[in-house]
Structure formats: structure tokens, C-alpha cells
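Chains as they are written, first to last, in our numbering: chain F, 27 to 121; chain X, 7 to 595.
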């Protein structure tokens with residue numbers, strides 16, 4: 027079922043992209059495909075903050091689909107559907 | 007001697023006698039300094055039933071062999087028995103006090119007895135001068151530091167207590183270098199019980215380095231490592247520790263209204279991003295620190311330090327408060343009065359729930375930002391409602407017949423990561439030697455942040471091994487004494503390299519891990535003798551039985567029993583959590 031997937035930027039990602047969120051209308055799509063579309067939509071090449079040149083997740087990158095890390099699912103091939111939320115965090119830490 | 011200054015002084019404030027504490031080369035190598043050597047000395051001087059406020063309780067300020075040398079080496083550790091928990095406790099603080107104490111000629115100070123009037127100690131040129139502090143008693147921590155600097159030198163570094171410590175609030179902090187805090191466990195109250203207002207230090211003695219050329223090359227290498235790492239070289243610098251607000255909230259484990267929910271709807275308004283956009287004046291850094299995670303902030307009324315992540319949570323989501331100015335000013339007040347922000351906020355949250363349930367007939371409500379400052383001040387001065395809040399959550403909830411509403415372990419309030427969202431963090435809280443603390447084994451790193459590897463946060467498999475390993479590494483780093491944030495960028499071998507170059511001793515990674523394990527086990531032995539065992543290695547019933555209904559940590563509880571036996575086995579402890587004789591023999595205990 028078609029719907030909007032919200033892709034939200036936080037922390038350093040937000041500072042780079044200069045926006046809090048974009049929406050992409052689709053039935054279903056892989057996270058990687060959605061990230062490419064989000065790059066086009068924002069006009070910002072933010073993927074280098076999250077992925078290495080071979081499009082593998084960098085250590086510490088957090089990409090959540092509905093609050094769960096895609097590393098616990100199918101990584102960048104995890105499917106997202108209309109109505110889902112994707113949160114993007116560059117590597118971060120604290121205590 | 008390289009690395010160490012070779013001098014630890016014991017001072018009895020009752021008799022004002024001073025003597026040098028002899029430390030053999032073997033003991034120094036087995037415990038290093040900081041937390042390790044502090045715990046070793048404490049357990050030799052005091053028994054497990056020592057009243058934290060008795061004159062014969064020792065309060066130990068320690069630096070380590072790396073203090074005053076490589077990056078982030080301004081820190082110090084304070085060791086004593088905690089009045090909050092009854093466990094052994096070490097509390098750590100940044101700034102420059104540790105490095106300055108060493109430049110004044112000391113590796114550490116052991117304080118015993120009780121002065122018959124307020125005093126402060128001035129350490130310089132390897133000597134300790136006892137000075138009258140009657141005129142300082144009652145001053146806040148900022149005023150105290152300025153007054154002592156006016157009496158000594160502008161460069162004097164001061165670790166002091168505020169009114170909360172003077173009034174023996176059992177979660178009073180020791181504050182140094184303006185707003186750096188040895189916050190947890192009530193070390194400030196122990197200091198107050200000794201009529202000791204402050205320790206001031208100034209000096210210019212350098213730390214001798216065994217291999218100056220190697221030291222230079224090593225510093226260049228660790229500069230590159232820290233700069234290149236995205237956490238230490240970027241995130242912590244730009245957004246501080248509060249970058250975690252949105253991350254932990256998105257994982258559905260940002261404790262809200264006394265751990266009743268894991269998602270705070272107003273998290274964004276209290277986030278590190280929001281602080282950077284609104285209150286932030288500039289970042290601030292401790293001695294020789296290239297990271298600079300500190301936040302110098304300004305509200306309409308005041309300027310100060312913070313809030314850090316834990317404080318944003320303790321006065322924010324935990325209380326249902328989304329007013330960032332109120333949170334920040336409550337933080338400033340805790341700094342000035344000398345209070346641990348985590349226990350303060352958590353106790354207020356516990357009180358709010360007690361009031362909501364009708365167990366306590368007081369006027370405290372979720373979201374009541376306007377009253378925060380008053381509650382903090384009343385607690386520090388132990389007046390009005392503050393007399394009750396000064397009990398901390400465990401005693402407060404027990405007093406009003408609802409002990410399960412205190413979100414604590416062994417009497418110390420657990421911080422800003424709901425353990426239902428990370429099973430390893432849960433085990434870390436439950437087995438922490440000083441109670442509900444996130445710094446003994448920061449399992450958020452692998453379970454949420456993906457450092458150094460990513461682990462399934464909801465799985466219990468393998469968590470016992472990793473928690474024990476992290477606890478040992480933390481005990482080691484606290485004994486060197488360096489900032490734990492370095493662990494985001496470097497592994498154990500870099501710490502080994504640092505110790506070898508500075509001290510000239512041929513340490514290796516295995517030996518360092520054994521030091522960490524020895525320290526952790528010695529702390530456990532003390533706690534066993536103080537009456538702590540398996541029944542205390544647990545968590546608040548809420549996180550063991552109640553599930554969240556929303557957020558991505560919903561329908562989960564902590565499965566502690568799946569991990570605890572394995573943890574004890576990994577540690578070489580029996581089923582009651584008591585170290586086995588062969589474990590003690592292996593560690594030379």
C-alpha cells in the first residue's frame with residue numbers, strides 16, 4: 027500500500043543536510059534505495075557520513091527503521107513500507 | 007621514578023598528624039593509582055562496617071601514573087565508602103585538579119579523622135598546609151574556589167564542597183575547576199563530615215617520563231587516532247554528550263516519568279541539537295583534552311556549564327519536563343550547591359510518583375519545571391521538603407511504603423538508559439560495584455552505538471563475558487587515570503603503550519587486563535564483607551516485570567536471571583556472587 031516514509035536527520039547529519047526530515051512516497055523500498063532518493067531530494071551528499079565507498083555501513087552509523095537498527099534486520103537491504111520512519115544518526119557517543 | 011611522583015600523604019584531621027604512606031613497587035604495579043590504588047589503600051585502612059561519616063572513615067584522593075602526561079590526564083578519583091549505598095565507591099572528575107595535585111608533588115592524599123572546625127588543605131611543593139576555612143563554610147562551590155584562589159594563587163586548582171556536602175546530603179558531590187564534578191556516591195558528604203571544605207593545589211613539578219622520544223611519537227599518534235575517530239574527533243566536540251537524547255529516545259529506552267515509558271515526546275526540545283541552537287556559548291575542555299565535550303551555556307538569567315546528557319534526562323524526561331532553561335538552571339544550581347544531578351533528578355521523579363499514587367501527600371507533579379530550583383536548593387540545605395528529598399530515592403520510597411518506586415540499584419539511582427532496551431546494560435547496572443551506574447561497563451557502546459562492534463541489544467547471549475570485560479577495562483582506565491571517552495577511539499594496547507612509555511615498566515595487555523580484574527574483584531570482596539551479595543545484584547521490579555506499550559523497546563523486560571549465573575562463572579565467583587579461593591589466588595588477593 028502506497029504511503030509516505032519519513033526519513034529523519036539528527037545530530038551531525040541534520041547540520042550537514044540542513045533539514046530535519048524528508049518524505050518519500052512509495053509502497054516498499056530498501057533502505058539503500060531510500061537513502062539514494064533522500065540524497066537527491068535534499069541535494070546533499072550525506073551518504074559518505076554513513077557508508078564507506080563500497081556502500082557498507084561505517085562503524086557507529088545508526089540507521090533505524092521504526093526504532094530498530096537495520097543491523098538487526100537485513101542491513102541496507104531492509105525493506106521499509108509506507109508509514110514507516112527511518113532515523114539517521116552519524117557515529118556518536120557520550121556517557 | 008617515572009610516571010608517579012612517589013609520594014602519597016596520609017593526614018589525620020583530628021590530630022593534624024601527617025605521614026607518608028609507603029607504597030612498594032609491587033603494589034604500585036598491581037594497582038597503578040587512581041581507583042585501583044585508592045581501593046587498595048581504603049580496604050587496608052577501613053573495614054566493611056565503617057560508618058561513612060565516622061571520623062575513622064578514610065577519604066582518598068588519587069591520581070595515576072598517566073595523570074599530568076598524555077591527553078585527558080587532568081582527572082582524579084575519590085575513594086571511600088558511600089553514604090548513599092554503603093558499598094565501596096570511587097567517584098571520578100575531570101578538569102585539571104588531578105594534574106595540578108601531581109605538579110604539587112603528590113600522587114594522592116589519604117584523609118582521616120575530623121577537624122574540630124572547618125579547614126581546607128593547601129598542597130604545594132610536596133607540603134600540605136592546613137588552613138582555617140571558617141569563613142568559607144556556607145559558600146557555594148564557585149565562591150569557595152574564587153576565595154581560595156584569592157588567598158593562594160590565581161592558578162590554584164580547587165576541589166571543594168558546597169552547602170550540600172556541608173549538610174551531609176548523601177549524594178553531595180565534590181566540585182573542582184569551576185564545574186567539574188566527582189558526582190556520584192556522596193563523596194562530598196564524606197568530605198563535609200570531616201569538616202573539610204576544600205583541597206587546593208598548586209605547583210610546577212613535572213612528571214618524569216621514562217622515554218621522552220617515544221612519548222613524543224606516542225602523543226602524535228594518539229592525537230591522530232582521536233582526531234580521526236568520528237565520535238571523539240567530531241560528534242562530542244560539536245554536540246556534546248546530549249547528542250544521545252534523540253538516539254536513546256529513538257530506541258525507545260529514554261526513561262520517562264520515573265521509567266514508566268521509554269519515549270519522551272518532547273525529547274527533541276531537550277536534545278544536544280537544541281542546546282547547540284539555543285543555549286550553547288562555546289565548548290569547553292579539561293586539561294590537555296582535544297575532545298572538549300563540555301558545554302558552556304547561558305540562559306536569560308545565568309551562565310554556567312551543562313547540561314550533559316544525564317542531567318538533561320534527570321531534570322527533563324524523567325520528570326516530564328521539557329523546559330530546557332529550567333533543566334539548565336537546575337544543573338547550574340547543583341553545580342553551585344554541590345549535588346549529584348542524577349540522584350537529585352531521579353529522587354524528584356520518585357517523589358512525583360509517590361505523590362501521584364497518594365503514598366506521599368506533597369505537592370509535586372510531573373512537568374512542574376517552575377519548582378525545580380526550589381527543590382534543589384531545599385535539598386542542599388536540608389530544609390522543608392528538601393529534608394525528605396535529601397534521603398535519595400531508596401530511603402524516600404521505603405519511608406512512604408513504596409520501595410519499588412525507587413529506580414535504584416544498591417541505593418544508587420540508575421541513569422538515562424532504560425535497561426529494558428539493552429540487556430547487557432541491565433547486567434552492568436545490576437552487578438556494578440557502586441550501584442546503579444552506567445560507567446562501570448558502558449554497554450550502550452556496543453548495544454546501541456555500535457562501538458567497537460555492534461551487538462543485538464535484546465539478546466542475553468555472550469553479554470556476561472562482555473560486561474565483565476568492560477568492567478575490567480573501566481577499572482583499569484580509572485586506575486591510570488584517563489578519560490573514559492578515549493575508549494571510543496582506542497583499545498587496550500594503546501593504554502599499554504602509554505604506560506610503558508611514561509613509566510618505563512614493561513607492561514603488556516594481559517597484565518593490564520588483570521589489573522582491572524584485580525581491582526574489580528577487590529571492590530567486590532569489600533562489598534561482600536559489607537553484606538552485599540546476589541540478592542543485591544538486581545534491578546528495580548519495574549524493569550524486571552513491566553513492559554512498555556509503545557516505542558521500539560516495547561514488550562520487553564530485563565532477563566537478568568539468564569545472565570547472572572554465567573556472569574558469576576565468568577568472574578570466578580560462586581553462585582552467591584562471592585569470589586572463589588582460586589580466583590583470589592590468581593589475582594594475588
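Ideal Cβ positions, reconstructed from N, Cα and C, are used throughout, including at glycine.
{"query": "Let's see if you can read the secondary structure: which residues bound the alpha helix (DSSP H) around residue 476 of chain X?", "result": "469 to 486"}
{"query": "Suppose you measure from the CA of residue 81 of chain X to the CA of residue 180 of chain X; what does that come to, to the nearest Å?", "result": "13 angstroms"}
{"query": "Tell me whether the beta-carbon of residue 41 of chain X lies closer than 8 angstroms to the beta-carbon of residue 481 of chain X.", "result": "yes"}
{"query": "Run down chain F in chain order and give the residues with a C-beta less than 8 angstroms from the C-beta of residue 298 of chain X.", "result": "Ordered by position in chain F, no residue passes the 8 angstroms Cβ test against residue 298 of chain X, which lies about 13 angstroms from the chain."}
{"query": "For a cutoff of 8 angstroms on Cβ pairs, would you count residue 490 of chain X as touching chain F?", "result": "yes"}
{"query": "Mind checking which residues open and close the beta strand (DSSP E) that includes residue 310 of chain X?", "result": "309 to 311"}
{"query": "On a CA-only basis, which of X:500, X:53, X:287 and X:537 is nearest residue 313 of chain X? Give me that one, please.", "result": "X:287"}
{"query": "By how many angstroms is the C-alpha of residue 35 of chain F removed from the C-alpha of residue 401 of chain X?", "result": "42 angstroms"}
{"query": "Output, in chain order, the set of chain X residues within a Cβ distance shorter than 7 angstroms of residue 115 of chain F.", "result": "253"}
{"query": "For residue 423 of chain X, return the contacting residues in chain F, with the cut-off set at a CB-CB distance below 7 angstroms.", "result": "Here the premise fails: no neighbours, minimum Cβ distance about 10 angstroms."}
{"query": "To be precise: take each residue of the region 273 to 288 of chain X, compare its Cβ to all Cβ atoms of chain F, and keep it if any distance is under 9 angstroms. Which residues remain?", "result": "274, 277, 278, 279 and 282"}
{"query": "Step through the CB atoms of chain X and report whether any lies within less than 8 angstroms of the CB of residue 119 of chain F.", "result": "yes"}
{"query": "Is residue 31 of chain F helix, strand or coil when you go by DSSP?", "result": "strand"}
{"query": "Suppose only complete runs of 4+ residues qualify. What are the alpha helix (DSSP H) ranges in the region 40 to 84 of chain F, listed by chain order?", "result": "57 to 68"}
{"query": "Do you know offhand how far residue 542 of chain X's Cα is from residue 523 of chain X's?", "result": "20 angstroms"}
{"query": "State the DSSP-derived secondary structure class of residue 323 of chain X, mapped to helix, strand or coil.", "result": "helix"}
{"query": "Taking only the alpha-carbon atoms, compute the straight-line gap between residue 48 of chain F and residue 403 of chain X and give it to the nearest angstrom.", "result": "46 angstroms"}
{"query": "Report back the beta-carbon spacing between residue 218 of chain X and residue 77 of chain X to the nearest angstrom; my notes put them in contact at under 8 angstroms.", "result": "So it is not a contact: roughly 17 angstroms between Cβ atoms."}
{"query": "Output yes if chain F places a C-beta closer than 8 angstroms to the C-beta of residue 89 of chain X; else output no.", "result": "no"}
{"query": "Which of the residues in the region 434 to 448 of chain X, read from start to end, lie with their CB under 8 angstroms from any CB of chain F?", "result": "444, 445 and 448"}
{"query": "Which residues in chain F sit within 7 angstroms of residue 258 of chain X, going by Cβ to Cβ distance?", "result": "93"}
{"query": "Under 7 angstroms Cβ-Cβ, which residues of chain X neighbour residue 76 of chain F?", "result": "Ordered by position in chain X, no residue passes the 7 angstroms Cβ test against residue 76 of chain F, which lies about 11 angstroms from the chain."}
{"query": "What number of angstroms, rounded off, separates the C-alpha of residue 220 of chain X from the C-alpha of residue 507 of chain X?", "result": "6 angstroms"}
{"query": "For residue 419 of chain X versus residue 317 of chain X, is the C-beta spacing smaller than 8 angstroms?", "result": "no"}
{"query": "Using the Cβ count rule (16 or more neighbours within 10 Å means buried), how would you classify residue 459 of chain X?", "result": "exposed"}
{"query": "Check whether chain X comes within 8 angstroms of residue 109 of chain F, counting only Cβ atoms and requiring the distance to be less than that.", "result": "no"}
{"query": "Taking the CB atoms as reference points, tell me whether residue 269 of chain X and residue 258 of chain X lie closer together than 8 angstroms.", "result": "yes"}
{"query": "Could you say which of F:96, F:85 and F:28 lies nearest to residue 61 of chain F if we only look at CA atoms?", "result": "F:96"}
{"query": "Can you check which of these residues, X:396, X:108, X:96 and X:315, is closest to residue 170 of chain X by C-alpha distance?", "result": "X:396"}
{"query": "State yes or no: is the C-beta of residue 423 of chain X within less than 8 angstroms of the C-beta of residue 477 of chain X?", "result": "no"}
{"query": "Counting only Cβ pairs nearer than 9 angstroms, list the residues of chain F close to residue 185 of chain X.", "result": "Near residue 185 of chain X there are no residues of chain F at all, since even the closest Cβ is about 16 angstroms away, more than 9 angstroms."}
{"query": "Determine whether the Cβ of residue 102 of chain F lies closer than 8 angstroms to any Cβ atom of chain X.", "result": "no"}
{"query": "Verify the CB distance criterion: does residue 45 of chain X have a CB-CB separation below 8 angstroms to chain F?", "result": "no"}
{"query": "Straight-line CA distance for residue 334 of chain X to residue 18 of chain X?", "result": "39 angstroms"}
{"query": "Using 8 angstroms as the limit for Cβ to Cβ distance, is residue 247 of chain X near chain F?", "result": "yes"}
{"query": "Would you call residue 571 of chain X buried or exposed, if buried means 16 or more other Cβ atoms sit within 10 Å of its Cβ?", "result": "exposed"}
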